[in-house]
């Protein structure tokens, strides 16, 4: 009602009370009138039925139908009487006069009072007929005549049927009159309300029209309503305002005339400037064209050597090599791919500025992206003694949708900056779940990178995300960089629907974070469960706190029990205590920093665990110079930091259960490679590769050769055209930029050699990465497009698409076999119980009657015989030749009696006894004996035992 006008409000106040009062009064009087009409009808029917019953007494008693008929005819003359009916004492119809009755007798008639029975449109009044007492005193008593005797039965009944026709007409008449009165009242109220509202609204409307005319510019408008003192003040104020506006308009017109003259002079100046701007615009367009051409040429020049690096790295990975070499090559490949991604992002910077950036939307694993970045940047962090750690919390989903290359680029930029500006301390990447919406299947992830570096001031933070901007002028000289990394990251995050920001304090480090809102992937290639290590106990010693937290988080997530040790002595004490309780640890994990790589304390710790305590150890080291450290050769397992989940799980599976996942995959790959020989040379597609760079040409030919196709090569367009004239090819890989005849011209001439029976498919090989390159090449006769660097999978897919040739699984599996090569010896699970010493030098000298030379000679003879005895026991046991095994063990047992080897002596004695008795535990005792022989052999290889014998006076049992 606040938005209603005065007229509506006046009408509402006037009409509503009047309408309510009129309607209520009309309803009341109408209801009273109708009730009176109905009551009148009921009273007349009651009276007529009584009179008829009294008059028909004699006729009913004598059954005189003519008398009853005359009474009926006389009563039918009455108004509203429709029919007369007489019933005898048995309630059967005696006489009926008038139209057919609508009354349906459903129960017994009344015996005392008059009763009315309503029916459709009529009402039947039934009165009993009694014989009256004929005594004189009773005749004179009128009251006694009116009241029937209670002891007498009625001799019949008289029924009068009254019609409702006149009653209904009176009812409708009453309703009509009431309606007329109500309508008349409402119309009268409406007229009065309209008159009152008009007296209020007409002056207001006139004032509004005056304001509208003033708004249109008619400043000579004046208003006079004569509506009363209230409106006079409003009229005078409006007229005064119009007068002031008229004066202001005159002054403004003078100012406009002056400004117009000034503007005319300014326009002449602007016209001259526009001509100059037009020349500047042409120069800018030319500069933009030169920049695009420069980017294309730089892309070609950078991608050409990068193509050789990535390609030949993949070829090296297909060859047999040690695991550490394969890891280094994998790091080179990943670094080259990251470099390629950076080049792509720099080339796409112009597309970002123009708003033409297109993001992929594919499913990917977030943990794989994070681990690849951390492994690639680990050498730079470890060279500065930084602790590089990634913490991906357990509630973070792994299968998400998005652009993995862009996410990797943002993480790489932020982590690389953190390493660059941090001199001591750590760089920690954390990935957490910030929000989750199950209805839309969307999640919001928060990825933060925290460092303990130099930090940033408030002023530096404000300009940090600007292009070509760094913290200060000396940053570029000290740390290098173009200043594009953060601005590219910011734009990429915003394009992916997230936000990026930082929290920093000068001198206390920084935290860069960004959010990623994405949908969960519905693909079914979920990672395999890591349940094989559940319940296993490990002891963990780590020098770097955050790395220890991350590794412990992973191990506990797999269901393992982790016991943290505070020092090497504490770790050794815990292992000894656990073995004494017959529940030793399955593994000891030792993480060290760079300055401890050649530590004698840790070397002795690992030797004691591996040899004396027979506890497998896993060494976690930085990535720098790990192959030169003396510790890596002593441990059963070795991984570099930062620790990744899958390599850690595979290494633990090998050390705890002896399951070599790499060997199993190698056997499966070898099994798949057993296929028939390739098709005959006549059925192979004829392919030629054209490239002026020898490295790139050799790479493409080698990749094709791995697919089983001996392709031809050409180093120029003229050579390619000459070979194409001599023989036809099914597919040609064509480089675009070549001296002399480039790839486009060569393709145009090759198209002239095509006919209706054969058309050669030509695929462009180019390092150009501009937006419309592919569409332009298609218009110039190419059938496809491959951007350098080219990998084997791209070539295989192209072969399938354009020639239909399917490389065998032999070639497809060759690239993975090298990754599974492992030169380590077979490992044995850790001993979970307390065991006797492997070697006791003092006992050896004592058994040799105190002669050190003799003791050394006997021990040397025992060591030389260990490996042949191991082979003999294994071979004879496989052949079920227990007698030969017994003979070999007996000799070994005899040799141990003259040397201080308590563990081997005890194991050989138990196994010899079991062999003689053919007991059921022979197999387990054989394994114990072989394990003891292997530990003694390892002790002999890793210990300068000759020096121990020669310093026998200082020797203690080991």
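Numbering (the numbering used here), first residue to last: 7 to 964.
Glycine is no exception: its CB is placed at the ideal position from the N, C-alpha and C atoms.
Give me the DSSP bridge partner(s) of residue 770. For this step, residue 770 is matched to residue 764 along the chain shown. According to DSSP, residue 770 shares a beta bridge with 740, 791.
How would you call residue 243, buried or exposed, if buried means at least 16 neighbouring beta carbons within 10 angstroms? Your numbering for residue 243 matches position 237 in the chain shown. By the neighbour-count rule (16 or more Cβ atoms within 10 Å), residue 243 is not buried but exposed.
Strand pairing of residue 928, partner residues [DSSP]: Position 922 of the chain shown holds residue 928. Per DSSP, residue 928 has no beta bridge partner at all.
If we call anything under 8 Å between Cβ atoms a contact, is residue 525 one with residue 517? Your numbering for residue 525 matches position 519 in the chain shown. Your numbering for residue 517 matches position 511 in the chain shown. For the pair residue 525 and residue 517, the CB atoms are not nearer than the 8 Å cut-off.
Quick check: the Cα distance between residue 385 and residue 642, rounded to an integer number of angstroms? By one-based count along the chain shown, residue 385 stands at place 379. By one-based count along the chain shown, residue 642 stands at place 636. Straight across, the Cα-Cα distance linking residue 385 with residue 642 is about 23 Å.
Proximity to residue 104 [Cα-Cα], best of 87, 119, 118: The residue you call residue 104 lines up with position 98 of the chain shown. Comparing alpha carbon positions, the residue from 87, 119, 118 closest to residue 104 is 87.
DSSP-derived helix/strand/coil call for residue 102: The sequence position of residue 102 within the chain shown is 96, counting from 1. The three-state secondary structure of residue 102, taken from DSSP, is strand.
Given 8 Å, three or more beta-carbon pairs between the region 162 to 169 and the region 129 to 136: Yes, since at least three Cβ pairs between the region 162 to 169 and the region 129 to 136 fall closer than 8 Å, the two stretches touch.
Would the region 643 to 650 count as touching the region 378 to 397 if we require 3 or more Cβ pairs under 8 Å? Touching, yes, given that three or more Cβ pairs across the two stretches are closer than 8 Å.
Distance check for residue 311 and residue 321, CA to CA, integer angstroms please. Counting from 1 along the chain shown, the entry for residue 321 is found at position 315. Counting from 1 along the chain shown, the entry for residue 311 is found at position 305. Whole-angstrom Cα-Cα distance: 15 Å.
I'd like the list of long-range same chain contacts for residue 717, defined as Cβ closer than 7 Å, with 5 residues on each side in sequence excluded. Translated into positions along the chain shown, residue 717 becomes position 711. The beta carbon of residue 717 sits closer than 7 Å to those of 693, 694, 695, 707, 710, all from its chain and outside the five residues before and after it, given in chain order.
Contained alpha helix (DSSP H) runs [length at least 4] in the region 685 to 760, N- to C-terminal order: List check, alpha helix (DSSP H) in window: 700 to 712, 723 to 732, 749 to 757.
I want to know whether the region 48 to 67 touches the region 199 to 209 - three or more CB-CB distances under 8 Å. The region 48 to 67 vs the region 199 to 209: no contact.
Enumerate in chain order the residues of its own chain whose CB-to-CB distance from residue 547 is below 6 Å, with the five nearest sequence positions on each side excluded. Indexing the chain shown from 1 puts residue 547 at position 541. Counting only residues of its own chain and dropping the five nearest sequence neighbours on each side, residue 547 has a CB closer than 6 Å to the CB of 571, 577, 596.
Assuming residue 574 is part of the alpha helix (DSSP H), what are its boundary residues? Position 568 of the chain shown, counted from the first residue, corresponds to residue 574. Run containing residue 574: 574 to 586, per the alpha helix (DSSP H) assignment.
Would the region 39 to 51 and the region 172 to 189 be scored as touching if the rule is three or more Cβ pairs under 8 Å? The region 39 to 51 makes contact with the region 172 to 189, as at least three CB pairs between them are under 8 Å.
Below 8 Å between beta carbons: does that hold for residue 731 and residue 759? The residue labelled residue 731 in the question sits at position 725 within the chain shown. The residue labelled residue 759 in the question sits at position 753 within the chain shown. Contact flag set, yes.
Helix, strand or coil: how does DSSP classify residue 567 here? In the chain shown, the residue the question calls residue 567 occupies position 561. It is a strand residue.
Nearest-angstrom Cα separation, counted from residue 121 out to residue 46: Position 40 of the chain shown holds residue 46. Position 115 of the chain shown holds residue 121. Taken atom to atom, the span from the alpha-carbon of residue 46 to that of residue 121 is near 16 Å.
Residues sharing a beta bridge with residue 395, DSSP: Taking the chain shown and counting its residues from 1, the one referred to as residue 395 is at position 389. Under DSSP, the beta-bridge partners assigned to residue 395 are 434.
Can you name, in chain order, every residue of its own chain whose Cβ lies under 7 Å from the Cβ of residue 891, other than the five neighbours on each side? Translated into the one-based positions of the chain shown, residue 891 becomes position 885. Contacts found: 879, 882, 883, 921.
Considering just the uninterrupted stretch of the alpha helix (DSSP H) at residue 380, what are its terminal residues? One-based indexing of the chain shown puts residue 380 at position 374. Residue 380 -> alpha helix (DSSP H) spans 372 to 388.
Residue 519 - DSSP class collapsed to helix/strand/coil: Looking up residue 519 in the chain shown gives position 513. In this structure, residue 519 counts as strand in the three-state DSSP scheme.
Rounded C-alpha distance that separates residue 454 from residue 563: Walking along the chain shown from the start, residue 454 turns up at place 448. Walking along the chain shown from the start, residue 563 turns up at place 557. It is roughly 21 Å from the alpha-carbon of residue 454 to the alpha-carbon of residue 563.
Flag this pair as yes or no: are the beta carbons of residue 408 and residue 522 separated by less than 8 Å? As a first step, residue 408 must be located in the chain shown, where it is residue number 402. As a first step, residue 522 must be located in the chain shown, where it is residue number 516. If you check the CB distance, residue 408 and residue 522 come in under 8 Å.
If we count the other Cβ atoms within 10 Å of its Cβ and call it buried at 16 or more, is residue 3 buried or exposed? The chain is shown only over 7 to 964; residue 3 falls outside these bounds and no answer can be derived.
For residue 435 and residue 376, believed in contact at Cβ under 8 Å, the rounded distance: For the purposes of this step, residue 376 is taken as the residue at position 370 of the chain shown. For the purposes of this step, residue 435 is taken as the residue at position 429 of the chain shown. Confirmed, Cβ separation roughly 6 Å.
In the DSSP assignment, find the unbroken alpha helix (DSSP H) run with residue 798 in it and report its ends. Walking along the chain shown from the start, residue 798 turns up at place 792. For residue 798, the enclosing alpha helix (DSSP H) begins and ends at 798 to 809.
Could you give the distance in angstroms between the alpha-carbon of residue 93 and the alpha-carbon of residue 74? As a first step, residue 93 is located in the chain shown; it is residue number 87 there, counting from the start. As a first step, residue 74 is located in the chain shown; it is residue number 68 there, counting from the start. Using only the alpha carbons, I get a separation of about 11 Å.
If we require 4 or more residues per run, which alpha helix (DSSP H) segments fall completely within the region 25 to 107? You should have 63 to 68, 71 to 82.
Can we count residue 708 as close to the ligand FAD, meaning its CB is less than 7 Å from some heavy atom? Among the components of this structure there are no ligands whatsoever, and the ligand FAD is therefore not found.
State yes or no: is the C-beta of residue 698 within less than 8 Å of the C-beta of residue 722? Taking the chain shown and counting its residues from 1, the one referred to as residue 698 is at position 692. Taking the chain shown and counting its residues from 1, the one referred to as residue 722 is at position 716. Taking 8 Å as the Cβ cut-off, residue 698 and residue 722 qualify as a contacting pair.
Inter-residue spacing [alpha-carbon to alpha-carbon] between residue 80 and residue 63: On the chain shown, position 74 is the one that residue 80 refers to. On the chain shown, position 57 is the one that residue 63 refers to. Rounded to the nearest angstrom, the gap between the Cα atoms of residue 80 and residue 63 is 16 Å.
When 899, 339, 412 are compared against residue 364, the one with the closest alpha-carbon: Sequence index remark: in the chain shown, residue 364 carries index 358 (1-based). Here the closest residue by C-alpha is 412.
Determine the extent of the beta strand (DSSP E) in which residue 448 is found, giving its start and end residues. Residue numbering aside, residue 448 sits at position 442 when the chain shown is read from its first letter. Its beta strand (DSSP E) spans residues 448 to 457.
Could you give the DSSP three-state label for residue 505: helix, strand or coil? Stepping through the chain shown from its first residue, residue 505 is reached at position 499. The answer is coil: DSSP assigns residue 505 none of H, G, I, E or B.
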